[in-house]
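Notes follow once the structure below has been shown.
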Amino acid sequence: MIKVLIADDQELIRESLKIVLSANKDIEVVGTVCNGKEVIKLVRKYKPDVILMDVCMPEMNGVQCTKIIKESYPNIKIIALTAFDDDEYIFNILKYGASGYLLKGVSMDELVKAIHTVSNGGAMTNSDITAKVFKLFSQMAQGDISIQVGAKKNLNDVCDTEWNIIKCVGLGLSNKEISKKLRLSEGTVRNYLSNILNKLNFRDRTQLAIWAVKTGVTKKW
1 MIKVLIADDQ
11 ELIRESLKIV
21 LSANKDIEVV
31 GTVCNGKEVI
41 KLVRKYKPDV
51 ILMDVCMPEM
61 NGVQCTKIIK
71 ESYPNIKIIA
81 LTAFDDDEYI
91 FNILKYGASG
101 YLLKGVSMDE
111 LVKAIHTVSN
121 GGAMTNSDIT
131 AKVFKLFSQM
141 AQGDISIQVG
151 AKKNLNDVCD
161 TEWNIIKCVG
171 LGLSNKEISK
181 KLRLSEGTVR
191 NYLSNILNKL
201 NFRDRTQLAI
211 WAVKTGVTKK
221 W
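Each step along the sequence shown adds one to the number in UniProt numbering, with nothing skipped, and position 196 is 196.
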């Protein structure tokens with residue numbers, strides 16, 4: 001029996017998934033929650049085998065929650081089930097250990113198959129998400145987004161607010177979430193990010209996130 005925990009901020013989706021998945025004799029839905037903090041509470045109680053994790057949730061998003069869960073419970077499998085196919089979400093939640101990334105348009109047969117696949121140690125993504133992932137790894141293999149940790153950066157030019165934003169990017173937060181956390185407008189966050197990329201000589205947000213994780217910036221500030 002595969003124990004599944006469902007995390008989604010929309011009640012209709014949570015309950016619909018629970019009803020359909022519970023119809024499978026080898027799947028037990030142990031609980032449904034609406035945010036990442038509730039996920040952590042139920043994980044400690046039920047120790048699910050698989051978590052269906054929405055990416056955008058209040059209190060704590062799916063990316064942050066995945067990072068915390070995988071650090072404490074590495075054997076729990078996580079499938080991102082979301083309406084968003086943004087590169088930053090895909091990169092960050094897979095980086096923190098998710099075994100799958102599915103869009104909410106997926107059929108129930110595919111979802112059940114994904115649960116069985118990741119439960120057995122495999123990985124599962126939509127075809128279009130797979131294409132994005134292959135593209136990302138292709139770029140990394142070619143050195144396109146390879147980051148030299150020890151490379152000289154203009155670190156002295158980075159202000160405290162910029163360090164806070166760098167930390168948030170490394171933790172997988174979106175601009176909207178950074179805006180809320182730091183009490184800045186989204187436009188201000190975008191301007192800061194542009195300045196940060198220029199100062200540290202990074203091409204894009206993905207490079208910055210990789211560098212932040214590799215250098216331990218997310219732990220220092």
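Glycine residues also receive a C-beta, built at the ideal position from the N, C-alpha and C atoms. Just so you know, these numbers come straight off a predicted model, no measurement behind them.
Using 10 angstroms around the beta-carbon of Ala209, count the other beta-carbons present and answer buried if the total reaches 16, otherwise exposed. buried
Measuring straight from C-alpha to C-alpha, what distance separates Ile145 and Thr66? Unreliable placement is indicated for Ile145, whose pLDDT of 47 sits below 50; the coordinate value is still reported in the next sentence. When rounded, the distance between both Cα atoms is 24 Å.
CA-CA distance, Gly62 and Val55? 4 Å
Arg14 versus Arg203 - alpha carbon distance: 38 Å
Can you pull the DSSP bridge partners for Ile51? Leu5 and Ile78
Where the beta strand (DSSP E) through Glu59 begins and ends: Element bounds for Glu59: n/a, residue is neither H nor E.
Through-space distance from Cys34 to Pro58, alpha-carbon basis: 8 Å
In terms of residues, what are the limits of the beta strand (DSSP E) holding Thr32? Ile27 to Val33
Taking C-beta to C-beta, are Lys37 and Met53 nearer than 7 Å? no
Can you give the Cα-Cα distance for Gly150 and Ser22, rounded to whole angstroms? At Gly150 the pLDDT is 46, less than 50, meaning the model places this residue with poor confidence; the figure from the coordinates comes in the next sentence. Those two C-alpha atoms are separated by around 51 Å.
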